[in-house]
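Sequence positions in the sequence shown follow the numbering used here and run 287 to 1061.
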Amino acid sequence: MRYAVIGFALGVWAAQQYSALPAAQFLLCGALVWTLIAAVGLRCSARLSARSKWVLVGVLACSAGVLWAGGRAYWRLADALPMQWEGRDLVVTGVIAELPQTLGDGVRFVFEVESAAAPLPRRVLLSWYADRRSQEPPPTVRAGERWQLMLRLKRPHGLSNPHGFDYEAWLLGRNLRATGYVRHSAVNRRLADAVGQPMRYVHRLRESVRERFAKVLGERPYTGILTALAIGDQRAITPEQWEVFRRTGVNHLVAISGLHVSLIALCAGGLVGWLWRRVPRLMLYLPLPRARLLAALLAAMAYALLAGMGIPVQRALLMLAVAVAAMLSGRDLAASRVLALALLAVLVVDPWAVLSAGFWLSFAAVGVIMLTLAGRLQTLVGWRAVLRLQLAIALALAPALLVFFQGFSLVSPLANAWAIPLVSFVMTPLALLAVLVPLEAPLYLAHGAAELMMAVLGRLAAQDLAMWHQAAPPAVGVAAACAGVLWLLLPRGTPAPAAGVLAVAPLLMWTPSRPPEGAFVATVLDVGQGQAVHVQTARHDLLIDAGPAFGPLSDAGQRVVLPYLRAAGVSRLDRLVLTHGDADHAGGARAIVEGIPVSAVMSNQIILPAAAGIVRPCRAKDAWEWDGVHFRVLHPPAEDAGLRGDNDRACVLRIAAAGAAMLVASDIERGAERVLLTHWAGELASEVLVAPHHGSRSSSTPALVQAVRPREVLYSVGYLNPFGHPHPQVWARWAAAGARNWRTDSQGALRVTVGAPGVAVEAERERRPRYWHGR
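Have a look at this one:
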């Protein structure tokens, strides 16, 4: 059975690697063929050898996984927003389906569509911002309310960068088939305060709990942590607190998952056991073992509902339900069989679970605990035993953490040994007690425990060696490391433990290749409507701009650039060039200088306290050479030259190597182009151009086109951006000059290689296509 489940899981995973889904007819034919082969195999099983049976079961299980995941994907993608309705005003009636999330200047919520004038997906993710003119905030919205709203929607779309977060996959897994925002209009109105569906009443309860916690605890710093433990809403946890959790490896403690659900089940089972022993008559109606199991399951279900039944909670509940069902059946199932059944149940319900890091980390952690404690449960006594278990889990999860996050916490075993008891036996029970009874004391006590926990975690996170950062490893190295970790976790007496160490060591020492001497690689990152360009030579790294600010608490530097740099193995920037002060180019600058060592900053308009002492102006004729690659600033000139506005004073940089060049023109417009042509007309020719001002109509004059004559023109633009960048006339102008046009919104990050073989451009969405992209 375990072998078949593994085969099914591999099939589900393989289906999620499709660049395009097979036709529905192919899936139907595949299902018919599968049924025929399974029927014949079952009929002839007595004549097959043991090896043939294993092969048949593996093939059937794997193909079943492919067909199941493919069929579910086909069905879900059919619920799509027609392209002709993108960006158009629509009056829609529907219900707020989940807890609304407060933003810096508005609110975000899931909206279940009930009626509209166009064929819309059933569930959409909406933002409702303050009115830009009057600054009037949006009205208070609550889960379960029915509203009539004027919406402007778009199909699911996210940024696409190497090793970056796949927002479109995240939306698909949560069945959110369009995103958009509420337009300010007189038609917007609340139609009903509550709609009679059970889950919506649960969300109203969760909302009241959140409001009560906020009211009782006021401005205390860890209210968000207690709210997350009680109802699964993590939105009030600050970025600084998330950074402490990341550096100490305790993120899982504030994301309701198997640990929390199992804890509640254990407490409920223990409580029922105590009650049954005090009232023996109850055993006549329901034997104690069954009562404890049923109480554990019911309590876990209640907690899962209170936590919102998010995807991780559903996984944890399914795992527990499978275990309880196995024990209630009276069958003596091995723990590994229970884990396999739970895996099967999760993938049947949610075949997109394999796309999330949480899926792999949670099942791996449970598997490691089972392997570590196999036959040794009685030895798990004392802090040394607990610490050994935490070390085993940290070791086992390290390869996966390097794949998903390009790093892991070195202090995680200590941090978890400290935090898990506080979260499990103090903070979570007290937070839930505060939900059940109208007392304030449990909340104050829980917050005191949170303060104690965070004081120690903060000290651990502040250590320079708290985190191990490393470039994203290759698949072969990860597979070898996983085998090595498994070998090391086997019981004492296993021969040649050094073989496990040898299998793991290459993963930790691996570094990605860099361009050879006299060549460079430039990556125009997909940061939406903005710009961030990473240039790498044999031994140096340059970042040109840091991308836009997405909101008061989020920017491209933190969300896109830093994760990309870590995945690329960049531990220090030799230079950061901020071409000008517009938020779409410099919005992520602060996160960059605070998140990675920077040796020097070139900027004319940006003041960064964290970079004090290393900032110098960006002026024409500044030049330097790294590893046979020549860098020269062409603009702005030292004199005023009559330039108007920040855009025309932006830095323009030319990078040359191996007889080819790349020109990064920032946001210059016609006036600056004239100045550039006056001083550098004979030196502008470049094979690659990052288009001026994102391809706006106010730039890319015919004179500049004639002077640069590029083969490749790259536009860093946002999807359906309100400026219409790149302008069709500009696109056509460069194309008429013989250039090939590229754009980040539809093709993702653009990787440019300049060296002895010539110039090559590669798009991330074409390098790693998935069937849900653009769907």
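From the three backbone atoms N, C-alpha and C, an ideal C-beta is built for every residue, glycine too. This structure is a prediction, so every number in the text was calculated from the model and none was measured.
Beta-carbon contacts of residue i that lie in its chain and below 8 Å, excluding the five residues immediately before and after
i, result
"Val837", "One point to set straight first is that residue 837 is Gly, not Val, in the sequence displayed. Hits under 8 Å: Leu389, Gly390 and Asp391."
"Val635", "Gln600 and Leu604"
"Leu583", "Ala551, Leu606, Ala607 and Val610"
"His733", "Leu503, Arg506, Tyr508, Thr509 and Leu512"
Neighbour-count burial assignment, residue i, 16 or more Cβ in a 10 Å radius
i, result
"Phe397", "buried"
"Glu526", "exposed"
"Gln664", "Residue confidence is low: Gln664 scores 48 on pLDDT, short of 50, so the model does not pin down where it sits. Its coordinate-derived value is still stated next. Counting Cβ neighbours within 10 Å, Gln664 comes out exposed, since fewer than 16 surround it."
"Phe711", "exposed"
"Gly450", "buried"
"Met571", "First, the residue type needs correcting, since residue 571 is Tyr and not Met in the sequence shown. So Tyr571 ends up on the exposed side."
"Trp1058", "buried"
"Asp827", "buried"
"Ser615", "exposed"
"Gln1033", "buried"
"Ser543", "buried"
"Ile893", "exposed"
Any non-hydrogen atom of the ligand GDP within 7 Å of residue i CB
i, result
"Gly867", "Absent from the structure shown: the ligand GDP. Ligands present: none."
Host beta strand (DSSP E) of residue i (start-end)
i, result
"His820", "Val819 to Gln822"
"Ser401", "Gly392 to Ala402"
"Glu998", "Glu998 to Tyr1001"
"Tyr467", "Thr465 to Val468"
"Met287", "No beta strand (DSSP E) holds Met287; DSSP gives it neither H nor E."
"Arg419", "Looking at the DSSP string, Arg419 is not in any beta strand (DSSP E), and its letter there is neither H nor E."
"Ser889", "Val887 to Ser889"
"Ser985", "Unbroken run through Ser985: none, as it is neither H nor E."
"Asp827", "Asp827 to Ile830"
"Ile941", "Val938 to Ala943"
"Gln434", "Arg432 to Lys440"
"Ala808", "Phe806 to Val810"
"Ser494", "Here Ser494 belongs to no beta strand (DSSP E); instead the alpha helix (DSSP H) covers Pro484 to Leu503."
"Val316", "It is Gly, not Val, that sits at residue 316 in the sequence shown. Segment Ala310 to Arg329 is the alpha helix (DSSP H) holding Gly316; no beta strand (DSSP E) there."
Limits of the alpha helix (DSSP H) - the one that residue i falls within
i, result
"Gly373", "First-last for Gly373: undefined, no H or E at that position."
"Gln302", "No alpha helix (DSSP H) holds Gln302; DSSP gives it neither H nor E."
"Leu579", "Leu574 to Leu592"
"Phe711", "Per DSSP, Phe711 belongs to no alpha helix (DSSP H) and is neither H nor E."
"Asp934", "Gly931 to Asp934"
"Met795", "Ala784 to Met795"
"Ser446", "Per DSSP, Ser446 belongs to no alpha helix (DSSP H) and is neither H nor E."
"Ile597", "Ile597 to Leu614"
"His921", "Not the alpha helix (DSSP H): His921 falls in the beta strand (DSSP E), residues Val915 to His921."
"Ser648", "Ala643 to Leu659"
Rounded separation between residue i and residue j - CA only
i, j, result
"Val640", "Phe499", "34 Å"
"Leu606", "Val547", "8 Å"
"Phe691", "Arg905", "38 Å"
"Glu998", "Arg674", "56 Å"
"Gly867", "Val764", "42 Å"
"Thr426", "Gln483", "21 Å"
"Pro834", "Ala875", "9 Å"
"Ile679", "Val697", "12 Å"
"His965", "Ser984", "20 Å"
"Val976", "Gly914", "22 Å"
"Glu955", "Arg935", "10 Å"
"Gly1010", "Ser952", "17 Å"
"Trp320", "Ala464", "34 Å"
"Gly957", "Leu406", "45 Å"
Expected contact under 8 Å - CB spacing of residue i and residue j to nearest Å
i, j, result
"Arg409", "Leu462", "5 Å"
"Trp433", "Pro424", "About 11 Å separates the two Cβ atoms, so there is no contact after all."
"Arg329", "Arg623", "Not really, about 27 Å apart at Cβ, beyond 8 Å."
"Leu746", "Leu700", "6 Å"
"Pro1045", "Val974", "For the sequence presented, residue 1045 should be read as Val rather than Pro. Contact holds; Cβ gap of about 6 Å."
Own chain residues within Cβ distance below 7 Å of residue i, not counting five before or after
i, result
"Ala684", "Phe694"
"Pro1043", "none"
"Met613", "Leu579"
"Leu549", "Ser710 and Thr714"
"Asn1007", "Gln815"
Same chain, Cβ closer than 6 Å to residue i, neighbours up to 5 away in sequence not counted
i, result
"Leu708", "Ala735 and Met739"
"Ala909", "Arg918"
"Ala590", "Val599 and Leu603"
"Leu630", "Val291"
"Ile248", "This structure cannot settle anything about residue 248, because the visible part of the chain is limited to 287 through 1061."
"Val488", "Leu591"
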